[in-house]
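K.L.:
Here you go, one structure.
There are 2 protein chains.
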Amino acid sequence: MERFELIVQTLFESNNLTEKQRQILKAAVQLFSEKGYAATSTSEIAKLAQVAEGTIFRHYRTKKELLLAIVGPFMEKIADSYIVNDLTNLLKKDYQRPEDLLSAIIENRRDIIVQFLPLLKIILQELPFHPELREHFLQLISDNMYHRVVEVINDYQQKGMLKKLPPTAIAKFAITNILGHLFTRYVLFPHLEWDDVRDTEQLIQLIMNGIGNSDSKVES
Amino acid sequence: MERFELIVQTLFESNNLTEKQRQILKAAVQLFSEKGYAATSTSEIAKLAQVAEGTIFRHYRTKKELLLAIVGPFMEKIADSYIVNDLTNLLKKDYQRPEDLLSAIIENRRDIIVQFLPLLKIILQELPFHPELREHFLQLISDNMYHRVVEVINDYQQKGMLKKLPPTAIAKFAITNILGHLFTRYVLFPHLEWDDVRDTEQLIQLIMNGIGNSDSKVES
DNA sequence: TATCGAAGTGAGTAATCACTCATTATATGT
DNA sequence: ACATATAATGAGTGATTACTCACTTCGATA
Chain A
1 MERFELIVQT LFESNNLTEK QRQILKAAVQ LFSEKGYAAT STSEIAKLAQ VAEGTIFRHY
61 RTKKELLLAI VGPFMEKIAD SYIVNDLTNL LKKDYQRPED LLSAIIENRR DIIVQFLPLL
121 KIILQELPFH PELREHFLQL ISDNMYHRVV EVINDYQQKG MLKKLPPTAI AKFAITNILG
181 HLFTRYVLFP HLEWDDVRDT EQLIQLIMNG IGNSDSKVES
Chain B
1 MERFELIVQT LFESNNLTEK QRQILKAAVQ LFSEKGYAAT STSEIAKLAQ VAEGTIFRHY
61 RTKKELLLAI VGPFMEKIAD SYIVNDLTNL LKKDYQRPED LLSAIIENRR DIIVQFLPLL
121 KIILQELPFH PELREHFLQL ISDNMYHRVV EVINDYQQKG MLKKLPPTAI AKFAITNILG
181 HLFTRYVLFP HLEWDDVRDT EQLIQLIMNG IGNSDSKVES
C-alpha cells in the first residue's frame, strides 16, 4: 500500500468513508504536504482524486474545513493515542536505566515521524497561521504529557540516576535533543547519509552526560 | 523606527532604493511573514505600501522575484556578514572556557533572531518549496561555518576541555540545543514567560555536561 | 419494483489572481 | 528652461480561485 493511502487509512479507520472521500483526503494530504495549503487549489485536489470539484464541497463546506478535517483528527488521534499511549506504555515498562527509556522513546518517535511525515509537514507549515490549531496542540501536550514526564523524571531522580535539576529543564533538554535530531535527520536533510545506530547511541550518551548523575555515568 | 522599516534599512543599506521601493519591500516582508508567501496577493502588498500595483512589477518582474529579492540578500548579507563574521569574531576572542564561548554565541544568536524574526519566519516557511534556496542555504553553512567550528572544537579538545568525541557530533549537539532553545523561546512560545538568564545558564550547563571533559566539569 | 435520501456531478458564478501597457509625473543633467 | 530617462500609475487582461446549484446516479429499504 502506498504512503498516503496508509496515512488516510490509519487516520480514518474508525470513520466509514466513501471511496471518493478517501481519495479526496488522500489527494489533499499529498498536495498540502508537497505544495503547501495556500498554494494548493481545490481543482487540483479534485483532479488528483479523480473526483468532481463539487464532490469536495459536498463533504467539506470550505477548503479550510478540509484542512481541519485532516489536521484535527491527526492531532487528536495520533497525538493522543500514538504519542500519549505509546509513551505511557514505554513509561510503564519501568526501564531500569533512563538511557534505556530514552532509547525506546527515540525509536518510537522515529517510527511515528517516518510514517506520518507528510502530515507533520502540513502541521508545521500551518501552525503559525491558525491560532486555534496552536492552542489545541499546546493543550494536548500540557494536559496529557507534561505530568507523566515530570513523574518519571522525579522517579529517576529519587533513584539517584538523574541530576537534581528542575524536571522541566531536564524534560525540555531531552525533548529538544530528540526532536532536534529527528528533525534534522528526516525533515532537513533526509537525503544525506546517516548511520542511525551510531548517531542514536551518541545522542543518548550526550543527553545522559547532560542530565545523568555522574555516579552512574556511561563510560565512553 | 519601527520593526519592518529597520529590517529593510539594515538589509538594503548599500542599495539606493526609491522611497516607493522601500515601502514595497517593507510591506512584502510584513505580509509574507504574517500570512505566508502564497496567501499574500500583490494587490495587498501594493495597498499596504500605498503604491500602485504596477509599481511592484516595474521593479520585480514576478511575485517570486520579489520574494527572492528579500530572502536572497538576507541569506547572503546577514547569514554571511552577521552570522559568519560575528561568529569568527567570537572565535577569535579565544574564550578560555568553552562555556564562555557558548554563552557569547547564544547571546549573539539571540539578538539576530529577535531583530530578524519576520525574515527568519519567511525563510523557514519557504525553504521547503524552493530547492534553490535550500541549496544556497546549505552551501553558505558548509562553505563558511563548518570548518571554523570544527577547528575551534579541535582546539578545545587538545586543551583537554572537551570530550574526545567526533567534532561533528559535538557541533551538531551544541547547535541543536542552541537553535532548539531559541526556536521554542522566540518562535513557538514567545508569549510564555521566560527567565532568560536562568534558562541560558541552565542550557549551557547541560550542554557542557554533555560535551565537556569531566576533569574541568562545572559543579552544580 | 418503487421510493427516497445521500453521493456525486460539472457547468457556471463573482471575485480575485498575477501581470501588462499606454500614459503621466518626476527627477536629472545641460 | 528644455530634453531625456526613469518612476509611477491604474485601468484592463485572461486565467484561476473557492464555491454554488440544479441535476443525475447510486444504494438501501419497504
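Protein sequences appear in the order of chains A and B.
Just so we're aligned, residue 1 is where the first sequence starts under UniProt numbering, counting upward by one.
Just so we're aligned, residue 1 is where the second sequence starts under UniProt numbering, counting upward by one.
Note that CB positions come from ideal geometry on N, CA and C, so glycine has one too.
For leucine 120/A, which residues does DSSP report across the bridge?
P.N.:
Position 120 of the first sequence, counting from 1, holds the residue named residue 120/A. Partner(s): none; leucine 120/A has no beta bridge.
K.L.:
Does the beta carbon of threonine 200/A come closer than 8 Å to any beta carbon on chain B?
P.N.:
Position 200 of the first sequence, counted from the first residue, corresponds to residue 200/A. Closer than 8 Å: no.
K.L.:
Between the Cα of alanine 28/B and the Cα atoms of Thr42/B, Asp195/B, Arg198/B, which residue gives the shortest distance?
P.N.:
Here residue 28/B refers to the residue found at position 28 of the second sequence. Selected option, being the one with the closest Cα: Thr42/B.
K.L.:
Please classify leucine 138/A: is it buried, with 16 or more other beta-carbons within 10 angstroms of its beta-carbon, or exposed?
P.N.:
The residue labelled residue 138/A in the question sits at position 138 within the first sequence. Result: exposed.
K.L.:
Taking all protein chains shown into account, decide if glutamate 126/B is buried (16 or more other Cβ within 10 angstroms of its Cβ) or exposed.
P.N.:
Walking along the second sequence from the start, residue 126/B turns up at place 126. So glutamate 126/B counts as buried.
K.L.:
Please return the same chain residues whose Cβ sits closer than 7 Å to the Cβ of isoleucine 113/B, not counting the five positions on each side in sequence.
P.N.:
Counting from one through the second sequence, the residue named residue 113/B turns up at place 113. Counting only Cβ-Cβ distances below 7 Å, and skipping sequence neighbours, we find Leu120, Leu182, Tyr186.
K.L.:
Is it right to say threonine 40/B is buried, meaning 16 or more other beta carbons lie within 10 angstroms of its own, or is it exposed?
P.N.:
Along the second sequence, read from residue 1 onward, the residue named residue 40/B stands at position 40. Buried: at least 16 other Cβ atoms inside 10 Å.
K.L.:
Using the three-state DSSP reduction, which class does leucine 17/A fall into: helix, strand or coil?
P.N.:
Here the question's residue 17/A lines up with position 17 in the first sequence. Coil at leucine 17/A, not helix or strand.
K.L.:
Just the C-alpha distance for lysine 8/A and serine 33/A, rounded to the nearest angstrom, thanks.
P.N.:
Taking the first residue of the first sequence as position 1, residue 8/A is located at position 8. Taking the first residue of the first sequence as position 1, residue 33/A is located at position 33. This sequence places valine at residue 8/A; lysine is not what is there. Using only the alpha carbons, I get a separation of about 13 Å.
K.L.:
Mark alanine 49/B as exposed unless 16 or more other C-beta atoms lie within 10 angstroms of its C-beta, in which case mark it buried.
P.N.:
The residue you call residue 49/B lines up with position 49 of the second sequence. Its Cβ being crowded by 16 or more others within 10 Å, alanine 49/B is buried.
K.L.:
With the cut-off set at 8 Å, would you say threonine 62/A and lysine 20/A are in Cβ contact?
P.N.:
Locating residue 62/A in the first sequence gives position 62, where the first residue counts as 1. Locating residue 20/A in the first sequence gives position 20, where the first residue counts as 1. No.
K.L.:
Below 8 Å on the Cβ atoms is my guess for glycine 210/B versus isoleucine 106/A; work out the distance and round it to an integer in Å.
P.N.:
Residue numbering aside, residue 210/B sits at position 210 when the second sequence is read from its first letter. Residue numbering aside, residue 106/A sits at position 106 when the first sequence is read from its first letter. Actually they are not in contact, since the Cβ atoms of glycine 210/B and isoleucine 106/A sit about 16 Å apart, beyond 8 Å.
K.L.:
Identify each residue in the segment 154-181 of chain B for which the Cβ-Cβ distance to at least one residue of chain A is less than 9 Å, and report them in chain order.
P.N.:
Answer in chain order: Lys163, Lys164, Leu165, Pro166, Ala169, Ile170, Lys172, Phe173, Ile175, Thr176, Asn177, Leu179, Gly180, His181.
K.L.:
Could you please give the first and the last residue of the uninterrupted alpha helix (DSSP H) stretch that includes threonine 55/B?
P.N.:
In the second sequence, the residue the question calls residue 55/B occupies position 55. Its alpha helix (DSSP H) spans residues 53-59.
K.L.:
Between which residues of its own chain and serine 216/A is the CB-CB distance below 8 Å, once the five residues before and five after are set aside?
P.N.:
Stepping through the first sequence from its first residue, residue 216/A is reached at position 216. Confidence is the limiting factor: at serine 216/A the pLDDT is only 42, short of 50, which leaves the residue's position unreliable, though a coordinate-based value still follows. If we look at serine 216/A and ignore the five residues flanking it on each side, its Cβ neighbours are Arg97, Gly160, Met161.
K.L.:
List the DSSP bridge partners of leucine 192/A.
P.N.:
Translated into the one-based positions of the first sequence, residue 192/A becomes position 192. None, per the DSSP bridge assignment.
K.L.:
Give the secondary structure of leucine 162/A by DSSP, where H, G and I count as helix, E and B as strand, and everything else as coil.
P.N.:
As a working mapping, residue 162/A is identified with position 162 in the first sequence. Strand at leucine 162/A.
K.L.:
What runs of the alpha helix (DSSP H), each 4 residues or longer, lie entirely inside the segment 133-162 of chain B?
P.N.:
The qualifying runs are 146-158.
K.L.:
If the criterion is Cβ atoms closer than 8 Å, does the pair isoleucine 178/B and proline 167/B meet it?
P.N.:
Taking the first residue of the second sequence as 1, we reach residue 178/B at position 178. Taking the first residue of the second sequence as 1, we reach residue 167/B at position 167. No, the Cβ-Cβ distance between isoleucine 178/B and proline 167/B is not below 8 Å.
K.L.:
Could one say the Cβ of lysine 63/B lies closer than 8 Å to chain A's Cβ atoms, at least one of them?
P.N.:
In the second sequence, residue 63/B corresponds to position 63, counting from 1. Cβ-Cβ to chain A under 8 Å: no for lysine 63/B.
K.L.:
Given this structure, state the Cα-to-Cα distance separating phenylalanine 57/B from threonine 10/B, to the nearest angstrom.
P.N.:
Taking the first residue of the second sequence as 1, we reach residue 57/B at position 57. Taking the first residue of the second sequence as 1, we reach residue 10/B at position 10. Going by the C-alpha atoms only, they are around 23 Å apart.
K.L.:
Output, in sequence order along the chain, the residues in the segment 129-152 of chain A whose CB is closer than 7 Å to any CB in chain B.
P.N.:
Those would be Phe129, in chain order.
K.L.:
Mapping the DSSP letters down to three states, classify serine 41/A as helix, strand or coil.
P.N.:
As a first step, residue 41/A must be located in the first sequence, where it is residue number 41. The answer is coil: DSSP assigns serine 41/A none of H, G, I, E or B.
K.L.:
Cβ of asparagine 209/B less than 8 Å from any chain A Cβ?
P.N.:
Translated into the one-based positions of the second sequence, residue 209/B becomes position 209. So, interface residue.
K.L.:
Going straight from the alpha carbon of isoleucine 70/B to that of alanine 52/B, what length do you get?
P.N.:
Here residue 70/B refers to the residue found at position 70 when the second sequence is read from its first residue. Here residue 52/B refers to the residue found at position 52 when the second sequence is read from its first residue. Each residue's alpha carbon lies about 20 Å from the other.
K.L.:
Whole angstroms is fine: what's the gap from isoleucine 204/A's alpha carbon to lysine 77/B's?
P.N.:
Indexing the first sequence from 1 puts residue 204/A at position 204. Indexing the second sequence from 1 puts residue 77/B at position 77. Spanning the two alpha carbons is a distance of roughly 37 Å.
K.L.:
Over what stretch of residues does the alpha helix (DSSP H) that includes leucine 11/A continue unbroken?
P.N.:
Numbered from 1 along the first sequence, position 11 holds the residue referred to as residue 11/A. 3-11 is the extent of the alpha helix (DSSP H) around leucine 11/A.
K.L.:
Ordered along the chain, which non-local residues of its own chain (more than five positions away) have a Cβ less than 8 Å from that of glycine 36/A?
P.N.:
On the first sequence, position 36 is the one that residue 36/A refers to. Correct list, in chain order: Gln125.
K.L.:
With 16 other CB atoms within 10 Å as the buried threshold, where does glutamine 202/B fall?
P.N.:
Numbered from 1 along the second sequence, position 202 holds the residue referred to as residue 202/B. Its Cβ being crowded by 16 or more others within 10 Å, glutamine 202/B is buried.
K.L.:
Looking at the structure shown, is glutamine 96/B part of a helix, part of a strand, or coil, going by DSSP?
P.N.:
As a working note, residue 96/B is residue 96 in the second sequence. Glutamine 96/B falls in the coil class under three-state DSSP.
K.L.:
By the three-class DSSP mapping on this structure, what secondary structure does threonine 62/B have?
P.N.:
Position 62 of the second sequence, counted from the start, is the residue given in the question as residue 62/B. Here threonine 62/B sits in coil by DSSP.
K.L.:
To the nearest angstrom, how far is it from the Cα of valine 218/B to the Cα of leucine 102/B?
P.N.:
Numbered from 1 along the second sequence, position 218 holds the residue referred to as residue 218/B. Numbered from 1 along the second sequence, position 102 holds the residue referred to as residue 102/B. With a pLDDT of 42 at valine 218/B, under the threshold of 50, the modelled position of this residue cannot be trusted, and the question is left open.
K.L.:
On the three-state DSSP scale, how would you describe histidine 181/A?
P.N.:
Along the first sequence, one-based indexing puts residue 181/A at 181. Note: histidine 181/A maps to helix in three-state DSSP.
K.L.:
Could you have a look at leucine 25/A and say whether DSSP puts it in helix, strand or coil?
P.N.:
Residue 25/A sits at position 25 when you count from the first residue of the first sequence. In the structure shown, leucine 25/A sits in a helix (DSSP, three-state: H, G or I).
K.L.:
Looking at the C-beta of alanine 39/B, does it have a partner C-beta in chain A at a distance below 8 Å?
P.N.:
As a working note, residue 39/B is residue 39 in the second sequence. Closer than 8 Å: yes.
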